[in-house]
Structure formats: C-alpha cells, structure tokens
Amino acid sequence: KKLINSPTSCVNDAVQGLLYSNPNIKRINNLNVLIRKDIDIYRLTHVTIISGGGSGHEPAHAGFIGEGMLSGAVLGHVFASPSVSAILAAIRVCGGPFGVLLIVKNYTGDRLNFGMAMEKAKQEGIKCKMVIVEDDCALPKGKGITGGRGVAGTVFVHKTAGAASAKGLSLDEVYSIAFNTSKVIGSMGLALSTCTVPGTPVSNRLSNEKIFELGMGIHGEPGRQQLEIPNENFS
C-alpha cells in the first residue's frame, strides 16, 4: 500500500509537496533539485553541502536541507541515481568561493554520476570534493566489488559536515570532518518485509510472518541472515 497518485508522477508530486510544506527551500528550474532559498547569500561565505540519490528513502535527501545541514539535494527516480546534468546544475547554483562538498552513498550509479558531475564542475573552476559513505556493517568488510553500502549513518555525515560549514570552515576542513565521521559510523538494518518500487510486483521474500531479515539493504538487497522472530519478550 502506498500513498501516491501514480508511479510515474510520485517523485514530482513529492517534490511539490516539499515545496508547499517548507518555505525555506526552492527548486532549480524544473529539475528534481532542491536548495536552500538563501543559497545566493550563503554560498558567498560558506562551503555548501550537496547530497542526493534515488527517491524512495524520504526524508532523505531533501528533508535534510536546512541550517547546519544540507545546502541542496538532487533527487533521482525511485531507487535510481540522479543524472549527471541535474547534479551539475546543483553544483553550479551552490558553488561559491568556499567550494562545494558532495556527500554520496556507496552505490555504483551514485558514485559514477556524482563523480562525473564533480569533474565537470572542476573543469569550470568550481572547487569541489566528495565523500563516499559506506556505513553498512551487515556484510563483511570488503565483500563485493564496490564495498560497503551507504545507509542510515549517512545522515550523521550530513550533520557534521553541515555544522562545520555553518561555522565557516574551509572546504578542506569540512571534507576532513565529513570523511572522519564516515569512517567511525556503522549501521545495521532490520526488516519485517521487503520494499516495493511503485508499479512493480510485490516481493514475497519475507512473506513468512515469523521471519525477519537482519541487514537488508535500503533497496531490498539481501542482508546478513533471516531469523525467526522470538516468541519471548525481547529488546
């Protein structure tokens, strides 16, 4: 069950809803890019912080825009990385003398698209750095080609970077704080059911009501193990 009008319009509808509910953010053109309304002032004296990724993880990422947090967020379609052009548009609008920090979760599409946008921005003379977050500790370190997944702990990287930016620290200093934060956090998910992309069939992987999955990824990726829910009281 989902509170959406249609699978094809759900991301745009969510963006419109955020704009209606939060007077302190604005949209760049018709892109799924949201930024602080005061960005033209803030970027002149502070490092700006941009994050983003696929939609479907609300309030991430646009819900974290604000004072001491993100300066902007770039939204892709549900569980799909935003385009290079959208990310570059966000960097151009947010970029100022102090530079831009990108905070990206460790997924192939996000790394590629944010990385390409960053390189294009650098060619245009915009100072830009990127921190990759891989806080998921459900799977053994080093497993898989890309390493650990970026999950819930990313919000703490947003917070520490945003606080450093608000203090007026340099891009190198903000990057260092965000990077160090990313290396000392760990997240573990627990799921009673799988997620479903709007318009696609429902998975029956956890149809057994007596089973839960430890370490499921934010897109429904397999976790560490499936366990039986205890009958006893537990905490």
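Quick note on numbering: the working numbering labels position 104 of the sequence shown as 155, and the sequence is numbered without any gaps. Using N, Cα and C, we set each Cβ at its ideal position, and we do this for glycine too.
In terms of Cβ geometry, S102 and H270 do not form a close pair [threshold 8 Å]. In the three-state scheme derived from DSSP, where H, G and I count as helix and E and B as strand, F115 is classed as helix.
Counted as a single uninterrupted DSSP element, the stretch harbouring L126 is not any alpha helix (DSSP H) but the beta strand (DSSP E) occupying residues G123 to V129. In this model, G266 and Q277 are separated by some 9 Å (Cα to Cα). Just measuring C-alpha positions, the residue of D89, L257 and G127 sitting nearest L82 is G127. Between T205 and K173, the CB-CB gap reaches or exceeds 8 Å. Going by DSSP, R275 is part of no alpha helix (DSSP H) at all; its letter is neither H nor E.
Rounded to the nearest angstrom, the gap between the Cα atoms of F165 and E279 is 39 Å. Leaving aside the five residues that flank G201 on each side, the residues in its chain whose CB is nearer than 6 Å to its CB run, in chain order, K156, N157, V184 and E185. In the structure shown, the three-state DSSP call for V182 is strand. Closest option to L139, judged by alpha-carbon separation, among G117, F207 and V125: V125. Rounded to whole angstroms, the gap between the alpha carbons of G117 and N75 is 8 Å. The continuous alpha helix (DSSP H) containing G213 extends over residues T205 to A217.
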